[in-house]
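Reviewing the structure listed below.
2 protein chains.
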Amino acid sequence: MNLSKSEEQLMQVLWRKEKAFMKNLIEAYPDPKPAQTTIATLLKRMQDKNFVDYKQHGRSREYFPLIEKKDYFTKQFNGILKNFFNDSASQFASFFTKETNLSKEELEELKKLIDKEIKTK
Amino acid sequence: MNLSKSEEQLMQVLWRKEKAFMKNLIEAYPDPKPAQTTIATLLKRMQDKNFVDYKQHGRSREYFPLIEKKDYFTKQFNGILKNFFNDSASQFASFFTKETNLSKEELEELKKLIDKEIKTK
DNA sequence: GATTAACCTCTACAAATGTAGAATAATTAT
DNA sequence: ATAATTATTCTACATTTGTAGAGGTTAATC
Numbered sequence: 003m004n005l006s007k008s009e010e011q012l013m014q015v016l017w018r019k020e021k022a023f024m025k026n027l028i029e030a031y032p033d034p035k036p037a038q039t040t041i042a043t044l045l046k047r048m049q050d051k052n053f054v055d056y057k058q059h060g061r062s063r064e065y066f067p068l069i070e071k072k073d074y075f076t077k078q079f080n081g082i083l084k085n086f087f088n089d090s091a092s093q094f095a096s097f098f099t100k101e102t103n104l105s106k107e108e109l110e111e112l113k114k115l116i117d118k119e120i121k122t123k
Numbered sequence: 003m004n005l006s007k008s009e010e011q012l013m014q015v016l017w018r019k020e021k022a023f024m025k026n027l028i029e030a031y032p033d034p035k036p037a038q039t040t041i042a043t044l045l046k047r048m049q050d051k052n053f054v055d056y057k058q059h060g061r062s063r064e065y066f067p068l069i070e071k072k073d074y075f076t077k078q079f080n081g082i083l084k085n086f087f088n089d090s091a092s093q094f095a096s097f098f099t100k101e102t103n104l105s106k107e108e109l110e111e112l113k114k115l116i117d118k119e120i121k122t123k
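As they're listed, the protein sequences go chains Y and C. For what it's worth, the numbering used here labels the leading residue of the first sequence as 3, then goes sequentially. For what it's worth, the numbering used here labels the leading residue of the second sequence as 3, then goes sequentially.
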């Protein structure tokens, strides 16, 4: 089961805050803020999909994500890799290197990272 | 306007084939193949969204994509970058390098690419 | 103790999506 | 020609998504 667009957006808020009460969630939205009930609906659906849970705190709930952003992203990314790059990460990497306009400095930085990574293999 | 999941899937077929008649499109699907009318509906919607057009060939149509896979991907990817990596390509790159399990060889290969890219700057 | 604020559940409803039958037209094979 | 195949359009319908009102509960405030 996957998150829909607006659920994902709410998830991003939750990841940023790590945990939050209803009020905090709504605050995080830019104007025009969504109705409370809208957020409540999304949260409920996300609970059904097992992406979110909460801790009862007195009268209200403190919501928190059940999946780490990193893991969620990785899953999404792998789907993309499969569809667009024939499941080949290196094919993607080559595309990425050419098409993203990283600055010279960023590229140098990246090279260092790769070197470090190579050493761990 | 964006493609939905199953529209995107059909788009992938079209990109692979470059252009195709209804029949060819359906052939490309694994069993159980979708009904012709299903594909027809998707194609129509994709035309409305300006992702697909066709050339009339006698009685039937030869469909073709109006957007290149590369461009479509880039647009999608940029959205992801924004949401997950704070719009920072290099932040993504670092994540990618660590989390994707590229082989030593692939990493070396990638390093070479980056070097080449650096030279163009 | 009545009023207000926060928040939860239920219900609703329009738009988008996934999927396809019915009807129709044209095309080809028998 | 007649039947069988293929494609197209229209219509349909269930599900998912985006968004929120109404109504009820609890907690804090005046």
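A virtual CB, placed ideally from N, CA and C, is assigned to each residue, including glycine.
Secondary structure of residue i, DSSP reduced to three states
i: Phe-1/Y; result: Because chain Y spans 3 through 123 in this model, residue 1/Y falls outside it and cannot be assessed.
i: Glu-70/C; result: coil
i: Asp-55/C; result: strand
i: Arg-63/C; result: strand
i: Leu-104/C; result: coil
i: Leu-115/Y; result: helix
i: Asp-50/Y; result: helix
i: Lys-123/C; result: coil
i: Lys-35/C; result: coil
i: Asn-88/C; result: coil
i: Met-13/C; result: helix
i: Ala-42/C; result: helix
i: Ala-30/C; result: coil
i: Leu-109/Y; result: helix
i: Ser-6/C; result: coil
Residues that residue i contacts on chain C, provided the C-beta gap is smaller than 9 angstroms
i: Ala-91/Y; result: Phe-98, Thr-102, Asn-103, Leu-104 and Glu-108
i: Ala-22/Y; result: Result: empty, since nearest Cβ-Cβ is about 18 angstroms, beyond 9 angstroms.
i: Ala-30/Y; result: Correct list: empty, because the minimum Cβ distance to chain C is about 14 angstroms.
i: Ala-42/Y; result: Correct list: empty, because the minimum Cβ distance to chain C is about 23 angstroms.
Amino acids of chain Y, ordered along the chain, whose beta-carbon sits closer than 9 angstroms to that of residue i
i: Ile-120/C; result: Lys-106, Leu-109, Glu-110 and Lys-113
i: Lys-71/C; result: Phe-86
Sub-9 angstroms separation of residue i and residue j beta-carbons
i: Lys-57/Y; j: Lys-21/Y; result: yes
i: Val-54/Y; j: Met-24/Y; result: no
i: Lys-35/C; j: Asn-26/C; result: no
i: Val-15/C; j: Ala-30/C; result: yes
i: Leu-115/Y; j: Ala-95/C; result: yes
i: Thr-102/C; j: Glu-101/Y; result: no
i: Lys-106/C; j: Lys-113/Y; result: no
i: Ile-120/C; j: Glu-110/Y; result: yes
i: Ile-28/C; j: Phe-79/Y; result: no
i: Met-3/C; j: Lys-46/C; result: no
Listed by chain order, chain C residues near residue i by CB distance under 7 angstroms
i: Asn-85/Y; result: Gln-14
Neighbouring residues, chain Y, relative to residue i (Cβ below 7 angstroms)
i: Phe-75/C; result: Phe-86
i: Lys-123/C; result: Lys-106
Where residue i meets chain Y, residues with beta-carbon distance less than 8 angstroms
i: Ile-116/C; result: Thr-99, Leu-109, Leu-112, Lys-113 and Ile-116
Exposure label - residue i; buried when at least 16 CB within 10 Å
i: Thr-99/C; result: buried
i: Pro-67/Y; result: buried
i: Glu-108/Y; result: buried
i: Met-48/C; result: buried
For residue i, the residue or residues it bridges with in DSSP
i: Ala-22/C; result: Tyr-65/C
Residue i: contacting residues in chain C (beta-carbon distance under 8 angstroms)
i: Ala-37/Y; result: Within 8 angstroms Cβ-Cβ: nothing; Ala-37/Y doesn't reach chain C, min ~23 angstroms.
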